[in-house]
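According to our numbering, the residues represented by the sequence shown are 358 to 589, in order.
Here a beta-carbon is modelled for each residue, glycine too, at the ideal position from N, C-alpha and C.
What follows is a short report on a single structure.
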Amino acid sequence: MTKIISVLNTKGGATKTTTCINLGPALQEVSGKTVLLVDSDKQALLANFAKNTELEFPDVIQVTDVSSMKNLKNIGASYDYVIVDGTAKDAHITSTTISVSDLVLMPVVPSPIELDGTQAVAQMVTERLLLVDYPPAYFYCSKMKKNHAFSKRMREIIEPFELPVLLTEIQEREVYRDCYGRSESVMDLKTTGYRQARVEMRSMSAEIISILEGGSYKVDTKETGVMEVLHG
Ligand SMILES: Nc1ncnc2c1ncn2[C@@H]1O[C@H](COP(=O)(O)OP(=O)(O)O)[C@@H](O)[C@H]1O
Ligand SMILES: [Mg+2]
């Protein structure tokens, strides 16, 4: 059964597209299953990335209207996982995406202004959870900085939203910034920080699999390769 994971935050620059570019290939690698990426943003940055990359990359389609989004389970039926890159512009598409998702992921970045868009999506998610108790929804900390006061307080700052936070944190790294311009994901790129970035993406993939399929996982944080997901 196809599982839909959506990466949502109605703030531009929250790192949604960068997460999708890198999580797509990482989830494919860690799970050994098929991944479809869905660009719901009319700016089509994810779709453009897929057009420009010459490397092996998951399939990408654009879904920018509400009626197609409602039908996403059928559209993505031949894939194991569908990852939706959210849009900053359209609240209607965002709430429709939540209603078809099996897991909602909301990036939060350590900057006071950025927390606004987070509040809007968290509210949509919470309202739906109160109504139907589904889908599970998690924050994840992105663009985190070492020795940065706001980064250190991130988990405390988002606590009032009363939603869980992924253990995996994404650091601010040159290699993530380079992805789009170089048309390569961190799974292929070799600029500064790529080893750590790969560990982050594999760790996030393992966490997602364990939330959706149950079971536990092991991440080797020192190496890029060894990674074990223990199902059931
Ligand atoms: N972990 C990261 N480290 C450094 N820069 C990042 C990271 N994640 C994203 N970025 C940069 O932040 C900007 C916004 O990211 P993007 O993925 O386009 O956000 P969104 O899709 O939410 O609008 C881009 O310039 C991107 O390269
Ligand atoms: Mg985007």
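Could you tell me which of Tyr537, Gly443, Ser562 and Asp473 sits nearest to Thr391, measuring between CA atoms? Comparing Cα-Cα distances from Thr391 to each of Tyr537, Gly443, Ser562 and Asp473, the minimum goes to Ser562.
Where do the N-terminal and C-terminal ends of the alpha helix (DSSP H) with Leu523 fall, by residue? Leu523 -> no alpha helix (DSSP H), and no H or E assigned at all.
Please classify Glu557 as buried or exposed, where buried requires at least 16 neighbouring CB atoms within 10 angstroms. Counting Cβ neighbours within 10 Å, Glu557 comes out buried, since at least 16 surround it.
Rounded to the nearest angstrom, what separates Leu524 and Phe414 at their Cα positions? Cα to Cα, Leu524 sits roughly 26 Å from Phe414.
Within the continuous beta strand (DSSP E) that includes Pro464, where are the two ends? Note, Pro464: beta strand (DSSP E), Leu460 to Val465.
Cβ-Cβ separation, Asn366 to Met463 (assumed contact under 8 Å), whole Å: Yes, Met463 and Asn366 are in contact; Cβ-Cβ is about 5 Å, under 8 Å.
From the DSSP output, read off the bridge partner residues of Val441. Ser363 and Val395
Following the continuous beta strand (DSSP E) through Tyr491, name the residue where it begins and the one where it ends. From DSSP, Tyr491 is part of no beta strand (DSSP E); its letter is neither H nor E.
Cβ pair Glu529, Lys509 closer than 8 Å: no
Would you be able to state if there are at least three C-beta pairs under 8 Å between the stretch 409 to 423 and the stretch 381 to 388? yes
Buried versus exposed, by CB contacts within 10 Å (16 or more), Lys408: exposed
Compute the Euclidean distance between the alpha carbons of Gly582 and Thr475, then round it to the nearest angstrom. Low local confidence applies: a pLDDT of 44 at Gly582 is under 50, so the model's placement there is unreliable, and no value is given.
8 Å Cβ shell around Tyr537 - same chain, five flanking residues per side excluded: Thr374, Thr375, Ile378, Leu402 and Phe406
Can you check DSSP and say which residues form a bridge with Ile418? Val395
Between Gly433 and Leu460, how many whole angstroms is the CB-CB distance? I'm expecting something under 8 Å. Rounded, the Cβ-Cβ distance is 14 Å, inconsistent with contact.
Can you grab the Cα-Cα spacing for the pair Gly589 / Ile566, in whole Å? Residue confidence for Gly589 is low, a pLDDT of 47 falling below 50, so the modelled location carries little weight and cannot support an answer.
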